[in-house]
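So the structure is just underneath, and the comments pick up after that.
2 protein chains.
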Amino acid sequence: MAAELARRGFPDLRPALLAVAQHLQADGSRVTDLAERSLLTKPTVVHMVDELERLGYVERRPDPADGRAKLVAPTARGLEAEAAGREAIGQMRDAWAALIGERSMARLETELRRLREALWPPA
Amino acid sequence: MAAELARRGFPDLRPALLAVAQHLQADGSRVTDLAERSLLTKPTVVHMVDELERLGYVERRPDPADGRAKLVAPTARGLEAEAAGREAIGQMRDAWAALIGERSMARLETELRRLREALWPPA
DNA sequence: TCTCAGTAGTTAGAGTGTCTAACTATTATT
DNA sequence: AATAATAGTTAGACACTCTAACTACTGAGA
Chain A
1 MAAELARRGF
11 PDLRPALLAV
21 AQHLQADGSR
31 VTDLAERSLL
41 TKPTVVHMVD
51 ELERLGYVER
61 RPDPADGRAK
71 LVAPTARGLE
81 AEAAGREAIG
91 QMRDAWAALI
101 GERSMARLET
111 ELRRLREALW
121 PPA
Chain B
1001 MAAELARRGF
1011 PDLRPALLAV
1021 AQHLQADGSR
1031 VTDLAERSLL
1041 TKPTVVHMVD
1051 ELERLGYVER
1061 RPDPADGRAK
1071 LVAPTARGLE
1081 AEAAGREAIG
1091 QMRDAWAALI
1101 GERSMARLET
1111 ELRRLREALW
1121 PPA
């Protein structure tokens, strides 16, 4: 994914940044939530958010609901990167389907989803 | 895998070491070959082999076929770790099959193999 | 309402993993 | 015999991740 994003004009989104950024909600996420979803510690996520902020992909806003918390939200550039990422995923998916056949690709997706939901049931 | 191996008595086999060690042939592999298979650079592999040697999992022997080359071969302990790893893989596979059903698991394996062979055809 | 335990985020510092550049020794080519 | 290519290595820098310890704020109970 980082290589695909680099080719599309986002060469500074390294894999470790994507590990965190992929979980960002458009209206802002808490550091604690990002840490839990990305299976990383809070200090690690803070570091990655620092970097994403420095690079212009996210900004920190105070959380109106809790004075201790902050919301990490994507900037306009962050949203562009997300759109590019979704496009890249779609193209990779189609390229793979072309290799093994649409039928096989659909089965693969179905079974992977099934396993994911068995291992990490959606809340 | 590192967590499973730790539980089985090999707590010092970190993920980065497994990335290299998983490609070791029983009769010895060259650093260049390990680098290509693990998608890492030669200096990185040298570093990991240094570590694996220090921990007692591999040893370096001269390659009788080429005076420049060396063969990195598993020690007795290295072979024990490999056996433990294979056992762990089998148990994880069965645990997942119990979650999603043997039929689904078999389909998943078939389609993953198909994709792997399309992306990286076996030489 | 005051206190204090718990939670959100952060900072500091260390260890690990990975790379590029440059080097040595040996082999293959001409 | 000279030179190019290859196998492995060393040096040094940067990136990633962790644990421990800290600040600020919240919320529950006396």
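Protein chains in written order, with my numbering: chain A, 1 to 123; chain B, 1001 to 1123. Note that CB positions come from ideal geometry on N, CA and C, so glycine has one too.
Once DSSP output is grouped into helix, strand and coil, what is the label at residue i?
| i | result |
| --- | --- |
| Arg60(A) | strand |
| Ala1003(B) | helix |
| Pro122(A) | coil |
| Pro11(A) | coil |
| Leu71(A) | strand |
Tell me which same chain residues have a C-beta within less than 8 Å of the C-beta of residue i, skipping the five on either side of it?
| i | result |
| --- | --- |
| Val1058(B) | Ala1021, Leu1024, Val1049, Leu1052, Val1072, Ala1073, Pro1074, Thr1075, Gly1078 |
| Asp27(A) | Leu71, Ala73 |
| Ala6(A) | Leu13 |
| Val45(A) | Val20, Val31, Leu34, Ala35, Ser38 |
| Asp63(A) | Gly28, Arg30, Ala69, Lys70, Leu71 |
| Met105(A) | Arg93, Trp96, Ala97 |
Chain A partners of residue i, CB-CB under 7 Å?
| i | result |
| --- | --- |
| Trp1120(B) | By Cβ distance, chain A contributes nothing, its closest Cβ being about 11 Å from Trp1120(B), past 7 Å. |
Cβ closer than 9 Å: which chain B residues qualify as neighbours of residue i?
| i | result |
| --- | --- |
| Leu18(A) | Simply none; closest approach about 18 Å. |
Using the beta-carbon count (16 or more within 10 Å), is residue i buried or exposed?
| i | result |
| --- | --- |
| Met92(A) | exposed |
| Leu1039(B) | exposed |
| Gly1085(B) | buried |
| Leu1119(B) | exposed |
| Glu111(A) | buried |
At 8 Å on the CB atoms, spell out the chain B contacts of residue i, in chain order.
| i | result |
| --- | --- |
| Arg7(A) | Neighbours of Arg7(A) on chain B: none; closest Cβ ~18 Å, over 8 Å. |
Could you check whether the Cβ of residue i sits closer than 8 Å to any Cβ belonging to chain A?
| i | result |
| --- | --- |
| Ile1089(B) | no |
| Glu1111(B) | yes |
| Arg1114(B) | yes |
| Leu1099(B) | yes |
Just the chain B side, please: which residues come within less than 7 Å of residue i by C-beta, in chain order?
| i | result |
| --- | --- |
| Leu39(A) | Correct list: empty, because the minimum Cβ distance to chain B is about 12 Å. |
Anything in chain A within Cβ reach of residue i, meaning under 9 Å, just list it in chain order.
| i | result |
| --- | --- |
| Arg1107(B) | Arg107, Leu108, Thr110, Glu111 |
Return the chain-ordered list of same chain residues with a C-beta closer than 6 Å to the C-beta of residue i, the five sequence neighbours on each side being excluded.
| i | result |
| --- | --- |
| Asp1012(B) | Leu1055 |
Using 8 Å as the limit for Cβ to Cβ distance, is residue i near chain B?
| i | result |
| --- | --- |
| Ser29(A) | no |
By Cβ distance below 7 Å, which residues in the same chain neighbour residue i in space, the five residues on each side in sequence not counted?
| i | result |
| --- | --- |
| Phe10(A) | Ala81, Ala84 |
| Arg8(A) | Ala84, Ala88 |
| Leu1017(B) | Met1048, Glu1051, Leu1052 |
| Arg1113(B) | none |
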